[in-house]
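Student: One structure, as structure tokens, below. Some questions next.
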Amino acid sequence: MSKRMNEIILRNHYWPNKFEHRQREFKLNNKVALRKNRPGAAECISEMSVLMACWKKHDYNDADCIEEIKVFQKCCTEAQKVKRDAKIAEKSGKIAGKMTGKQVTNLLQQYPQPR
1040 MSKRMNEIIL
1050 RNHYWPNKFE
1060 HRQREFKLNN
1070 KVALRKNRPG
1080 AAECISEMSV
1090 LMACWKKHDY
1100 NDADCIEEIK
1110 VFQKCCTEAQ
1120 KVKRDAKIAE
1130 KSGKIAGKMT
1140 GKQVTNLLQQ
1150 YPQPR
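Printed below as a string of structure tokens:
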């Protein structure tokens, strides 16, 4: 050990850890951690802002903003339909885009790794 190393040890009161690298086998676990997916962009924001502007313009009277309300409700029902279809596709096992943790776990359990 060098003289400089002895000075560092005496001054800092610690002994450097010896790290041994162990060779491990290359294998996957049979499951992954389940994490929440990040939510996408909010739906129908522009329609909502148009509706709010109409309400503000007409002193929050629904009778004057019927057309904007219909457009906003139509957008909301379409967004719910898209979300429902994506959930059904996920349950049936169809993979579109990035896989969720549950889908990866199901795929790994179909081909388990030997222990």
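Be aware that the sequence shown starts at 1040, since it is given in the working numbering, and climbs by one per residue. Just so it is clear, CB atoms sit at the ideal spot from N, CA and C, and this is done for glycine as well. Here the structure is a predicted model, which is why all the values come from computation and not from measurement.
1) Does the Cβ of Phe1111 have 16 or more other Cβ atoms within 10 Å, making it buried, or fewer, making it exposed?
2) Could you spell out where the alpha helix (DSSP H) holding Lys1057 opens and where it closes?
3) Put Ser1131 into one of helix, strand or coil per three-state DSSP.
4) Measuring alpha carbon to alpha carbon, tell me which of Gln1149, Gln1152, Thr1144 ends up nearest Leu1073.
5) Buried or exposed: where does Leu1067 fall if 16 or more other Cβ atoms within 10 Å of its Cβ makes it buried?
6) With DSSP collapsed to three states, give me the class of Asp1098.
7) Taking the alpha helix (DSSP H) that Gln1149 belongs to, which residues open and close that run?
8) Take the Cβ of Leu1146 as the centre, count every other Cβ of all protein chains shown within 10 Å, and call the residue buried at 16 or more, exposed below.
9) For Leu1090, collect the residues of the same chain with a Cβ closer than 7 Å to its Cβ; drop the 5 residues on either side in sequence, then sort them by chain order.
10) Compare the beta carbon distance of Pro1151 and Asn1069 with 7 Å and say whether it is the shorter of the two.
11) Please report the distance separating the alpha-carbon of Lys1095 from that of Lys1141.
12) Roughly how many angstroms lie between the CA atoms of Glu1117 and Ala1081, to the nearest whole one?
Tutor: According to the data block:
1) Only buried fits Phe1111, as 16 or more other CB atoms lie within 10 angstroms of its CB.
2) Counting along the chain, Lys1057 sits inside no alpha helix (DSSP H), nor does DSSP assign it H or E at all.
3) Three-state result, Ser1131: helix.
4) Comparing Cα-Cα distances from Leu1073 to each of Gln1149, Gln1152, Thr1144, the minimum goes to Thr1144.
5) Under this definition Leu1067 is an exposed residue.
6) Coil, per DSSP.
7) Start and end: 1140-1149.
8) Exposed, because fewer than 16 other Cβ atoms sit within 10 Å of the Cβ of Leu1146.
9) The beta carbon of Leu1090 is closer than 7 Å to those of Cys1104, Glu1107, Ile1108, Phe1111 in its chain, skipping five residues each way along the sequence.
10) Result yes, Cβ atoms of Pro1151 and Asn1069 sit closer than 7 Å.
11) So the two alpha carbons sit approximately 45 Å from each other.
12) Rounded to whole angstroms, Glu1117 to Ala1081 spans 13 Å at the Cα level.
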